[in-house]
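Colleague: Below is a structure I'd like to ask you about.
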């Protein structure tokens with residue numbers, strides 16, 4: 026069949042554009058036959074055929090465009106899902122008979138009905154490649170004098186004399202296709218010359234075919250065309266048939282995935298070096314990169330979609346090659362319509378999304394938040410700075426001065442101040458009901474605590490980093506920023522149920538500017554830079570004593586120079602604890618797993634990923650500037666990777682996942698005259714199936730189109746950089762969260778919920 030390309034018509038409809046092989050392009054006899062057969066094929070209008078939508082029979086490379094069917098071929102379906110049972114066989118046969126009736130009514134004979142020319146769609150089979158097949162076969166017969174077809178499915182008269190080929194030959198092939206669907210093998214076995222001999226001389230083998238269908242199929246496979254039943258008789262004997270019985274559940278799921286994959290193929294400009302006929306077709310359509318054989322379109326010779334290069338005169342240059350489809354390169358496409366969308370009512374600098382039972386809380390900056398109903402998107406309450414950078418409070422029980430720290434279990438953790446004439450200023454930790462923003466429990470941290478940061482939590486224990494005021498200082502707010510040398514820092518473990526402090530210990534070596542804390546049933550973990558690399562420290566959950574320390578050696582495969590892999594250069598390390606393991610991820614050292622009880626290193630994976638990892642089931646999910654990784658939690662084996670279509674960089678936590686869906690959020694950055702810009706103007710969310718990385722949908726949006734962005738100087742606080750107020754008011758930031766098959770995205774001034782079905 027030559028080269029087959031998946032294209033999108035101007036209406037958005039997907040079509041398969043099939044080019045004939047170059048060897049036929051210069052043959053006048055072929056062109057005449059091809060022109061005649063395409064004209065006849067346009068008259069075919071059966072339900073179970075694939076209609077012709079456009080063609081060019083006069084250009085340098087003749088081609089024909091048909092409606093695209095996002096289903097596997099019959100032979101592929103049998104290989105993947107097994108043989109068909111009798112109800113499915115009758116449904117398949119009924120559809121094929123009706124397709125052949127439409128072909129014959131147009132004055133055509135298919136001549137090459139075989140499992141590779143039958144596509145399975147959700148509403149029945151589709152027969153393809155009639156018309157063009159006959160034109161090519163007749164040209165080959167003229168040149169060589171030998172019959173060309175599919176061994177094992179050709180009728181005896183097609184092998185012995187093409188002049189006797191007619192509708193009865195298609196009846197013979199129909200029976201062979203049904204035998205193949207029932208048994209996984211044609212009625213005359215395999216081979217080329219051997220099977221051709223058996224077709225002419227031997228009786229068919231119906232092993233595996235339901236006995237009730239033997240009489241009909243034996244008559245269809247009669248050596249003499251005149252003794253075969255006509256299609257009307259075949260249709261009557263196949264009754265009753267149920268179209269719903271054609272596709273088993275596994276095959277229906279495969280069809281849904283194929284249809285979605287086709288829609289996700291990236292659109293590229295029309296191939297400029299294509300022959301004029303194709304260019305004329307593509308002038309009002311777009312070619313999609315991808316091999317149709319991977320999407321369920323029959324492609325002779327395994328050809329994939331072709332991308333041409335061009336010198337400008339329309340002539341194809343040497344060296345043009347098909348694009349391989351084996352690399353899982355993601356494509357930016359439009360997601361489905363959101364379940365709901367709500368305008369973001371709070372400032373969203375470095376936002377986070379917290380999911381609770383019926384509420385999703387958006388935390389923007391340190392003192393602003395809003396809660397949305399997960400079902401409707403309605404705002405439950407909001408608190409903090411609005412888009413105009415002025416304080417606002419609406420429907421919230423949060424007191425002034427509240428600092429939102431994060432989440433513990435089913436509640437929202439905040440730090441708040443309480444002032445009184447006798448007690449002075451006291452600092453409280455509160456766990457709030459996220460649905461109404463009211464306190465569920467309150468823990469006093471005393472009047473000596475000025476700065477509190479939640480590091481991690483597990484069960485009912487929360488681990489904080491606190492900064493106390495120096496003894497003897499007077500006046501000023503307890504939140505006043507003091508010189509670091511005058512402060513004492515502590516790690517504090519708090520039982521949130523009782524309000525008691527379980528333990529505290531000095532933490533002079535800990536910085537809270539990096540995401541490198543974790544907790545589990547055994548204790549609390551953090552990392553620190555050393556003279557030789559990176560160390561992981563484990564503290565006991567009960568008393569805060571050191572349990573173990575492990576060194577992370579230099580990564581010889583790292584792209585970073587050694588001086589950046591030690592000391593402060595080894596910071597920016599992420600930790601996650603799960604299933605008795607502690608996972609570290611560092612751009613210099615890659616991903617490492619430790620036994621959480623003993624500290625013994627279990628496995629290492631060399632990668633440059635730096636997005637804080639997410640653990641779902643037995644997978645650890647993360648990303649770097651170009652790839653998304655899924656690593657087996659227990660073995661360290663990379664289960665799958667996918668490639669981002671453009672070099673994007675994560676801004677904070679950008680992977681969220683459930684056991685069904687993985688969402689990866691990226692904000693682009695760029696390097697310009699003023700250095701590293703914090704926002705490159707676009708943001709994207711890639712939504713994948715967690716089990717295998719298969720893309721469900723993806724989006725990329727122009728951040729500038731939704732939110733006016735101030736000046737883009739590289740680092741906040743640097744000369745010429747936007748002020749904090751400017752950033753809060755104008756900088757577009759993104760965050761996401763996932764539950765089951767629902768993806769929640771904050772960005773471009775809105776928060777939205779999308780469905781991401783995996784079947």
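Residue numbers (the working numbering): 26 to 784. Don't be surprised by glycine CBs; every beta carbon is placed ideally from N, CA and C. If you're wondering where the values come from, they're calculated on a predicted model, not measured in any experiment.
Just verifying my parser: in three-state terms, what is the DSSP assignment at residue 398?
Modeller: strand
Colleague: Quick one: complete beta strand (DSSP E) runs, 3+ long, within the segment 89-169?
Modeller: For the segment 89-169, whole beta strand (DSSP E) runs of length 3 or above, ordered along the chain, are 143-146, 149-152.
Colleague: According to DSSP, is residue 651 helix, strand or coil?
Modeller: Of the three classes helix, strand and coil, the one that applies to residue 651 here is coil, per DSSP.
Colleague: The beta strand (DSSP E) that contains residue 575, what's its start and end?
Modeller: 571-577
Colleague: Quick one: residues in its chain with C-beta nearer than 7 Å to the C-beta of residue 684, no 5 flanking neighbours on either side, listed in chain order?
Modeller: Excluding positions up to five away in sequence, the list reads 641, 642, 715.
Colleague: Whole angstroms is fine: what's the gap from residue 160's alpha carbon to residue 199's?
Modeller: At residue 160, the pLDDT of 48 sits below 50, so the modelled position is not reliable; the number obtained from the coordinates is stated separately. Distance between the alpha carbons of residue 160 and residue 199: 20 Å.
Colleague: Looking at the secondary structure, which residues open and close the beta strand (DSSP E) in which residue 600 lies?
Modeller: Per DSSP, residue 600 is one residue of the beta strand (DSSP E) stretching across 599-603.
Colleague: Please work out which residues of its chain come closer than 7 Å, Cβ to Cβ, to residue 82, disregarding the five sequence neighbours upstream and downstream, and give them in chain order.
Modeller: 56, 59, 60, 63
Colleague: Can you list the alpha helix (DSSP H) stretches of 4 or more residues lying completely in the segment 210-249, in chain order?
Modeller: Taking 4 residues as the shortest admissible run, the segment 210-249 contains the following complete alpha helix (DSSP H) segments, listed from N- to C-terminal end: 218-226, 239-245.
Colleague: Could you tell me which residues DSSP pairs with residue 483 in its beta bridges?
Modeller: Paired residue(s): 486.
Colleague: Are there three or more Cβ pairs, one per stretch, closer than 8 Å when the segment 227-237 is compared with the segment 179-196?
Modeller: no
Colleague: Whose C-beta lies closer than 7 Å to the C-beta of residue 485 among residues of the same chain, with five residues either side of it excluded?
Modeller: Sequence-distant partners of residue 485 (beyond 5 residues in either direction) whose C-beta falls short of 7 Å from its own C-beta, in its chain, are 520, 521, 522.
Colleague: Put residue 527 into one of helix, strand or coil per three-state DSSP.
Modeller: strand
Colleague: In angstroms with no decimal places, state the Cα-to-Cα distance between residue 268 and residue 361.
Modeller: 29 Å
Colleague: Output the distance between the C-alpha atoms of residue 101 and residue 68, rounded to the nearest integer angstrom.
Modeller: 29 Å
Colleague: For the beta strand (DSSP E) that residue 200 lies in, which residues bound it at each end?
Modeller: Segment 192-208 is the alpha helix (DSSP H) holding residue 200; no beta strand (DSSP E) there.
Colleague: Can the beta-carbon of residue 152 be found less than 8 Å from the beta-carbon of residue 135?
Modeller: yes
Colleague: Could you tell me whether the segment 243-254 touches the segment 105-124, where touching means 3 or more Cβ pairs closer than 8 Å?
Modeller: no
Colleague: What three-state label does DSSP hand residue 381 in the structure shown?
Modeller: coil
Colleague: Considering just the uninterrupted stretch of the alpha helix (DSSP H) at residue 258, what are its terminal residues?
Modeller: 256-263
Colleague: Give the straight-line distance between the Cα atoms of residue 387 and residue 723, rounded to the nearest whole angstrom.
Modeller: 22 Å
Colleague: If you reduce the DSSP assignment to three classes, tell me which class residue 30 lands in.
Modeller: Residue state, collapsed to three classes: strand.
Colleague: What does the alpha-carbon distance come out to for the pair residue 489 and residue 398?
Modeller: Each residue's alpha carbon lies about 29 Å from the other.
Colleague: State the start and end residues of the unbroken beta strand (DSSP E) segment that holds residue 786.
Modeller: The displayed coordinates of the chain run from 26 to 784. Any statement about residue 786 would go beyond what the structure contains.
Colleague: Given residue 89, which residues of its chain have a CB within under 7 Å of its CB, disregarding the five upstream and five downstream residues?
Modeller: 43, 63, 77, 80, 157
Colleague: Evaluate residue 51 with the Cβ neighbour count: other Cβ atoms within 10 Å of its Cβ, from every protein chain shown; 16 or more gives buried, anything less gives exposed.
Modeller: exposed
Colleague: Which word fits residue 696, buried or exposed, when buried means at least 16 other C-beta atoms lie within 10 angstroms of its C-beta?
Modeller: The pLDDT assigned to residue 696 is 34, lower than 50, so where the model puts this residue is not dependable; a value taken from the coordinates is nonetheless given after this. With fewer than 16 other Cβ atoms within 10 Å, it is exposed.
Colleague: What are the uninterrupted segments assigned as alpha helix (DSSP H) that are 4 or more residues long and contained completely in the segment 39-80, given in chain order?
Modeller: 47-50, 53-66
Colleague: Work out the CA separation of residue 631 and residue 85 for me, nearest whole Å.
Modeller: 51 Å
Colleague: Please classify residue 567 as buried or exposed, where buried requires at least 16 other C-beta atoms within 10 Å of its C-beta.
Modeller: exposed
Colleague: Smallest Cα separation from residue 482: which of 491, 542, 460?
Modeller: 542
Colleague: Alpha carbon to alpha carbon, how far is residue 376 from residue 780?
Modeller: 22 Å
Colleague: Within this structure, are the beta carbons of residue 564 and residue 572 separated by less than 8 Å?
Modeller: Inclusion of residue 564 and residue 572 in the CB contact set at 8 Å is warranted, their separation being smaller than that value.
Colleague: Given a cut-off of 8 Å on the beta-carbon distance, is the pair residue 653 and residue 667 in contact?
Modeller: yes
Colleague: Since residue 210 and residue 194 should fall inside the 8 Å C-beta cutoff, what is the C-beta to C-beta distance between them, to a whole number of angstroms?
Modeller: Rounded, the Cβ-Cβ distance is 21 Å, inconsistent with contact.
Colleague: Compute the Euclidean distance between the alpha carbons of residue 497 and residue 514, then round it to the nearest angstrom.
Modeller: With a pLDDT of only 33 at residue 497, under the threshold of 50, the placement of this residue in the model should not be trusted, and no figure is reported.
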